[in-house]
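Chemist: Chains as they are written, first to last, in this note's numbering: chain A, -11 to 478; chain B, -11 to 478.
Even for Gly, the Cβ is constructed at its ideal location relative to N, Cα and C.
There are 2 protein chains.
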Amino acid sequence: MSKVAAIIGGGVIGGGWVARFLLNGWDVQVFDPDPEAERKIGEVLANARRSLPGLTDVALPAEGQLSFHATIAEAVAGAAWIQESVPERLEIKHTTFAEVQAACAQDAVIGSSTSGFKPSELQQGAARPGQIMVAHPFNPVYLLPLIELVPGEAGDAALVEQAKAVLASLGMHPLHLKKEIDAHVADRFLEAVWREALWLIKDGIATTEEIDDAIRYGFGIRWAQMGLFETYRVAGGEAGMKHFIAQFGPCLSWPWTKLMDVPELTDELVDRIADQSDAQSGMHSIRELERIRDNNLVTMMRGLKAQNWGAGALINAQEQAMKAGTVMAARADDLPADAPVLTARRTVPLDWTDYNGHMTESRYLHAFADATDRFMEMIGCDAEYIQSGGSYFTAETHIRHLDEVHAGAVIEITTQVILGEGKKMHLFHEMREGERLLASGEHFLLHVSLETRKPSPPSAEIEAALVRIAKGHAGLPRPEGLGRAIGGAR
Amino acid sequence: MSKVAAIIGGGVIGGGWVARFLLNGWDVQVFDPDPEAERKIGEVLANARRSLPGLTDVALPAEGQLSFHATIAEAVAGAAWIQESVPERLEIKHTTFAEVQAACAQDAVIGSSTSGFKPSELQQGAARPGQIMVAHPFNPVYLLPLIELVPGEAGDAALVEQAKAVLASLGMHPLHLKKEIDAHVADRFLEAVWREALWLIKDGIATTEEIDDAIRYGFGIRWAQMGLFETYRVAGGEAGMKHFIAQFGPCLSWPWTKLMDVPELTDELVDRIADQSDAQSGMHSIRELERIRDNNLVTMMRGLKAQNWGAGALINAQEQAMKAGTVMAARADDLPADAPVLTARRTVPLDWTDYNGHMTESRYLHAFADATDRFMEMIGCDAEYIQSGGSYFTAETHIRHLDEVHAGAVIEITTQVILGEGKKMHLFHEMREGERLLASGEHFLLHVSLETRKPSPPSAEIEAALVRIAKGHAGLPRPEGLGRAIGGAR
């Protein structure tokens, strides 16, 4: 399968798709008749480049090639994935699919970003209906992992599997809906909340800001990690989900169900919402709000990544897949022992920046500690070994901060073993952006028993792997700054 | 005002209130006729103690006293806040309020945790209706900041202001609703989503797990930080909110509005939900899920805290209020110069733990770096000064990890100035849990111009403050480990 995607229709959603594919190493061919398309997509790409690459702890592959094309036929040539994000009018979608299918490969996925149409509607009159499926993303497409994948009854089963594999490789989660329904799943919830919100504003109960606070200070944070049912399962306690629902059910016939009709969207109501929104958020431009939103999303998603839960667990899965078969998954025995080893290649995430505008000092140690973890893994001190009761604890650390680095930079860490024998491991890391040396991290570790929390010998396998590298590194030049003490020169 | 709260009715919600007050230094007097109340509240308290204190970067005050009482009259004696969390039946609420008001102070707030009743209903027949108001929290009450505060038309304005001040001091956000309405605001949204979810499960469109994924991989993460309207404002782009709504409005009459009636909660539907939930989450006990949830919430809320946004901005505001007037807000000139200065007193947060089960090494530096920031602030290098273009950058760091520490421990950092003259600042931090020395952090910093990114002299005021402490500290004993190099002893 080629790593070429065709994006039909730019804008915020199409641009988000461009960014997802491009930053994951795909070439992207765009068709959009809007003369502003290149500028608009460029703005989305700029946002994506500052936020997406730092989500993972390994660097994404090199960016693919982006090209703009005058016709749909040109754009879809050689593409394995074609994503349609044209306006939400069925006749425009049908015309687009006809042009796409006249020129594209038969084994390419044709995804539609539609939020409202069912696949059976999209497929009407198509040359190959089974090739067209709903692949509905969520803004910002470059960060949020959810894709509602709805192939409908006519969907080609093999193509659906192919689509799921591609989406997962892009760090996305294909939510494969087996039955089609208007507006799929997520937007039905958004509509339900939207209707209720319109009533609350119309009746003067709450402002847009009060409604947002009611969401983000309460159930919004719960839902970000567990959704609806798992949250209620916890709330229900040991009595179980069945008990909880039986108790909760009667509330459904309480008086507020009377408001389930749709409020009329009068000019007055539109003005009220717009005015309240200005009062709430008007101090920030949309560009500022986008950056604030992306900073928040990256921060929370990286937090969930550390907990290996929800959207963060998806990032870890993508990371494992990216590392497989590369030097970042190799064991020490498979690497030459006469050169410092590469223990990190990653992008500085958005949330590692401090008030001085650069990567903050504790994140240097965070990156060095991750590099130490990777070195431990290389010599066999991996998660399974740690589970069995042995690990290394750091006893002493010395860092020289030699230069600044900023969010978005790709940094590499190489590691030299200074001493490796028995319980002792003395490592010297160097962190670089390209050729530029940013910092050195010198660390003395002891192997411990996790039961006694006291020093203990490592397994014979680990010691052998460590000694092999230590011997190989013994012939390397002594790194600058090794053994240095603060104030030692004075 | 006394710092005594009376909690009438335990359980998950009442227990959450107990934890909020107790961990913020209030004495708490509980009335709950359930013989299991003490055990149940103890379980909630255990969860709260492991998660809440680490939310802030300053330690919470010492815990208050918890006591259980045989009568409502005893429980409310001397209380400034009385919180009712009895079952959702109006006659029980009325009886409870009558007993409370017969014994409590007239200037105490009486809050009700009701999710369904309006204040006018609660106040019916009360001796002093204005004293009773809805104060509706969200589970887990010890972590989520939202309180819907609804006093109704009879509400006493002065008591409402008092209630808002108390809630803010507990790190909560009082969402003051001026008009009463069934189910307040947030639960109306929850009901709307719940109804839609029941339909989706009943019609076999999606399982509980698929619905949770549709929420937590997509709009749930958006809502955790911006809610509904600010999210749409960003999505609408530069065209503005008004344009966005006018475009979005027509969707409201699309076919899925036909499903706005309430599905019947048959035994079959209840079983289906319970079975799907077991398949989704049954591998975790409720206790495990509670801990996972709290780990996730703490991680995301601390992330938002670093961004000073949403629920995180609330934590920062609480922190500022807690620091005001204490040594953690003092300037260097107000402190004696002949002893190491206290630069941190904080609780190790849940998300600082690693796979070895203790505070991970980079968080030692995180805590030391925060202590350095606090020391900088003490000598006048505060946010305002940094804004004006000067700051300190760390050039070199040496850490000795001497002992382990775990989430929930209160740690203190004291700081000794080794050298302070011109651009140079050499600090030696010691981190302790009680008397136990955990680590030392030695740091060499240079004052820089944030414009040129090169070393530059600090302001005269900062240099004077630094030199004063450096002179005072010159007579202190040389700290153990100062100037040490890794491997130096070998």
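Which residues in chain A sit within 9 Å of phenylalanine 381(B), going by Cβ to Cβ distance?
Modeler: As a working mapping, residue 381(B) is identified with position 393 in the second sequence. Near phenylalanine 381(B) (Cβ distances below 9 Å), the residues of chain A are Asn344, His346, Glu349, His389, Glu392.
Chemist: Using alpha carbons as the reference points, say which of Trp297(A), Leu257(A), Ala223(A), Leu155(A) lies closest to leucine 186(A).
Modeler: As a first step, residue 186(A) is located in the first sequence; it is residue number 198 there, counting from the start. When each option's Cα is compared against that of leucine 186(A), the closest is Leu257(A).
Chemist: Inspect the beta-carbon positions of valine 436(B) and phenylalanine 363(B) and report whether they are closer than 8 Å.
Modeler: For the purposes of this step, residue 436(B) is taken as the residue at position 448 of the second sequence. For the purposes of this step, residue 363(B) is taken as the residue at position 375 of the second sequence. No.
Chemist: Compute the Euclidean distance between the alpha carbons of glutamate 109(B) and leucine 78(B), then round it to the nearest angstrom.
Modeler: Along the second sequence, read from residue 1 onward, the residue named residue 109(B) stands at position 121. Along the second sequence, read from residue 1 onward, the residue named residue 78(B) stands at position 90. Cα to Cα, glutamate 109(B) sits roughly 8 Å from leucine 78(B).
Chemist: Considering just the uninterrupted stretch of the alpha helix (DSSP H) at lysine 190(B), what are its terminal residues?
Modeler: For the purposes of this step, residue 190(B) is taken as the residue at position 202 of the second sequence. Note, lysine 190(B): alpha helix (DSSP H), 174 to 190.
Chemist: Exposed or buried, proline 243(B), counting other C-beta atoms within 10 Å across all chains shown (16 or more means buried)?
Modeler: Your numbering for residue 243(B) matches position 255 in the second sequence. Residue confidence is low: proline 243(B) scores 46 on pLDDT, short of 50, so the model does not pin down where it sits. No coordinate-derived value is stated.
Chemist: Residues in the stretch 40 to 72 of chain B with C-beta within 7 Å of chain C's C-beta atoms, listed in sequence order?
Modeler: Absent from the structure is chain C; the protein chains it does hold are A and B.
Chemist: Based on DSSP bridge pairs, tell me the residues matched to lysine 412(A).
Modeler: Sequence index remark: in the first sequence, residue 412(A) carries index 424 (1-based). Paired residue(s): Glu409(A), Leu434(A).
Chemist: Under 8 Å, do alanine 96(A) and alanine 58(A) count as touching if we go by C-beta distance?
Modeler: Taking the first residue of the first sequence as position 1, residue 96(A) is located at position 108. Taking the first residue of the first sequence as position 1, residue 58(A) is located at position 70. No, the pair does not count as a contact, with Cβ atoms beyond the cut-off.
Chemist: Are the C-beta of valine 97(A) and some C-beta of chain B separated by less than 8 Å?
Modeler: The count along the first sequence starts at 1 and reaches residue 97(A) at position 109. False, the Cβ-Cβ gap to chain B never drops below 8 Å.
Chemist: How should threonine 440(B) be labelled, buried or exposed, when 16 other C-beta atoms within 10 angstroms of its C-beta is the threshold for buried?
Modeler: Position 452 of the second sequence, counting from 1, holds the residue named residue 440(B). Threonine 440(B) should be labelled exposed.
Chemist: Spell out a yes or no on whether the stretch 36 to 56 of chain B and the stretch -8 to 8 of chain B are touching, meaning 3 or more CB-CB pairs, one atom from each, closer than 8 Å.
Modeler: Segments in contact, yes.
Chemist: Using only CA atoms, which one of Val122(A), Thr44(A), Gly143(A), Ala223(A) lies nearest to isoleucine 135(A)?
Modeler: The residue given as residue 135(A) occupies position 147 in the first sequence. The residue with the shortest Cα to Cα distance from isoleucine 135(A) is Val122(A).
Chemist: Comparing the C-beta of valine 0(B) with each C-beta of chain A, is any distance below 8 Å?
Modeler: In the second sequence, counting from the first residue as 1, residue 0(B) sits at position 12. By this cut-off, valine 0(B) is an interface position.
Chemist: Along the stretch 75 to 101 of chain B, what residues have a CB closer than 7 Å to any CB found in chain A?
Modeler: Answer in chain order: no residues at all.
Chemist: Report the rounded CA-to-CA distance for histidine 82(A) versus proline 139(A), giving the unit in angstroms.
Modeler: For this step, residue 82(A) is matched to residue 94 along the first sequence. For this step, residue 139(A) is matched to residue 151 along the first sequence. So the two alpha carbons sit approximately 16 Å from each other.
Chemist: According to DSSP, is alanine 223(A) part of a helix, a strand, or is it coil?
Modeler: In the first sequence, counting from the first residue as 1, residue 223(A) sits at position 235. Looking at alanine 223(A) - three-state DSSP - the assignment turns out to be helix.
Chemist: To which residues of the same chain is isoleucine 450(A) closer than 6 Å at the C-beta, ignoring the five residues directly before and after it?
Modeler: Translated into positions along the first sequence, residue 450(A) becomes position 462. So the list reads Ile367, Gly368, Cys369, once near-sequence residues are dropped.
Chemist: Mark threonine 403(A) as exposed unless 16 or more other C-beta atoms lie within 10 angstroms of its C-beta, in which case mark it buried.
Modeler: Position 415 of the first sequence holds residue 403(A). It counts as buried.
Chemist: Answer yes or no: does any C-beta atom of chain A fall closer than 8 Å to that of phenylalanine 105(B)?
Modeler: Along the second sequence, one-based indexing puts residue 105(B) at 117. Answer no: the Cβ-Cβ gap between phenylalanine 105(B) and chain A never drops below 8 Å.
Chemist: Buried or exposed, going by whether 16 or more other CB atoms sit within 10 Å of the CB of glutamate 24(A)?
Modeler: Numbered from its first residue, the first sequence carries residue 24(A) at position 36. Answer is exposed; the Cβ neighbour count stays below 16.
Chemist: Could you list the residues in the stretch 117 to 142 of chain A with a C-beta less than 8 Å from some C-beta on chain B, going in chain order?
Modeler: Within the stretch 117 to 142 of chain A, the residues whose Cβ lies closer than 8 Å to some Cβ of chain B are Phe126, Asn127, Leu132, Pro133, Leu134, Glu136, listed in chain order.
Chemist: Does the distance from the C-beta atom of alanine 114(B) to that of glutamine 89(B) stay below 8 Å?
Modeler: The count along the second sequence starts at 1 and reaches residue 114(B) at position 126. The count along the second sequence starts at 1 and reaches residue 89(B) at position 101. Closer than 8 Å, so yes.
Chemist: Tell me the start and end of each unbroken beta strand (DSSP E) in the stretch 42 to 68 of chain A that is at least 3 residues and wholly inside, in chain order.
Modeler: If we require 3 residues or more, the beta strand (DSSP E) runs fully inside the stretch 42 to 68 of chain A come out as 54 to 57.
Chemist: Which residues mark the beginning and the end of the alpha helix (DSSP H) in which isoleucine 209(B) is found?
Modeler: Translated into the one-based positions of the second sequence, residue 209(B) becomes position 221. 208 to 214 is the span of the alpha helix (DSSP H), which, as asked, contains isoleucine 209(B).
Chemist: Which residues of chain A have a Cβ atom closer than 7 Å to the Cβ of aspartate 200(B), listed in chain order?
Modeler: As a position in the second sequence, residue 200(B) is number 212, starting the count at 1. Chain A residues near aspartate 200(B): Met214, Gly215, Leu216, Phe217, Glu218.
Chemist: Whose Cβ in chain A lies nearer than 8 Å to the Cβ of valine 181(B)?
Modeler: Residue 181(B) sits at position 193 when you count from the first residue of the second sequence. Result: Phe177, Ala180, Val181, Leu216.
Chemist: Answer yes or no: do isoleucine 513(A) and glycine 159(A) have a C-beta to C-beta separation smaller than 8 Å?
Modeler: Because residue 513(A) is not part of the residues shown, which for chain A are -11 to 478, the question remains open.
Chemist: Going straight from the alpha carbon of valine 329(A) to that of phenylalanine 416(A), what length do you get?
Modeler: Indexing the first sequence from 1 puts residue 329(A) at position 341. Indexing the first sequence from 1 puts residue 416(A) at position 428. Roughly 11 Å separates the two Cα atoms.
Chemist: How many angstroms separate the CA atom of isoleucine -4(B) from the CA atom of aspartate 361(A)?
Modeler: Your numbering for residue -4(B) matches position 8 in the second sequence. Your numbering for residue 361(A) matches position 373 in the first sequence. Their backbone Cα atoms lie some 50 Å apart in a straight line.
Chemist: Work out the CA separation of alanine -6(A) and glutamine 17(A) for me, nearest whole Å.
Modeler: For this step, residue 17(A) is matched to residue 29 along the first sequence. For this step, residue -6(A) is matched to residue 6 along the first sequence. Distance between the alpha carbons of glutamine 17(A) and alanine -6(A) is about 5 Å.
Chemist: Can you tell me whether DSSP reads glycine -2(A) as helix, strand or coil?
Modeler: The sequence position of residue -2(A) within the first sequence is 10, counting from 1. In this structure, glycine -2(A) counts as coil in the three-state DSSP scheme.
Chemist: Establish whether the CB of tyrosine 373(A) and some CB of chain B are separated by less than 8 Å.
Modeler: Here the question's residue 373(A) lines up with position 385 in the first sequence. Chain B, which has no Cβ nearer than 8 Å to the Cβ of tyrosine 373(A), makes this no.
Chemist: Where does the unbroken beta strand (DSSP E) through proline 107(A) begin, and where does it stop?
Modeler: Position 119 of the first sequence holds residue 107(A). Counting along the chain, proline 107(A) falls outside any beta strand (DSSP E), though it belongs to the alpha helix (DSSP H) covering 107 to 111.
Chemist: 8 Å is my cut-off, CB to CB: does arginine 194(A) come that close to chain B?
Modeler: Here the question's residue 194(A) lines up with position 206 in the first sequence. Sequence inspection shows alanine at residue 194(A); the arginine mentioned does not correspond to that position. Yes, alanine 194(A) lies at the interface with chain B (some Cβ there is under 8 Å from its Cβ).
Chemist: Answer yes or no: does any C-beta atom of chain A fall closer than 8 Å to that of asparagine 304(B)?
Modeler: Translated into the one-based positions of the second sequence, residue 304(B) becomes position 316. No, asparagine 304(B) does not count as interfacial toward chain A.
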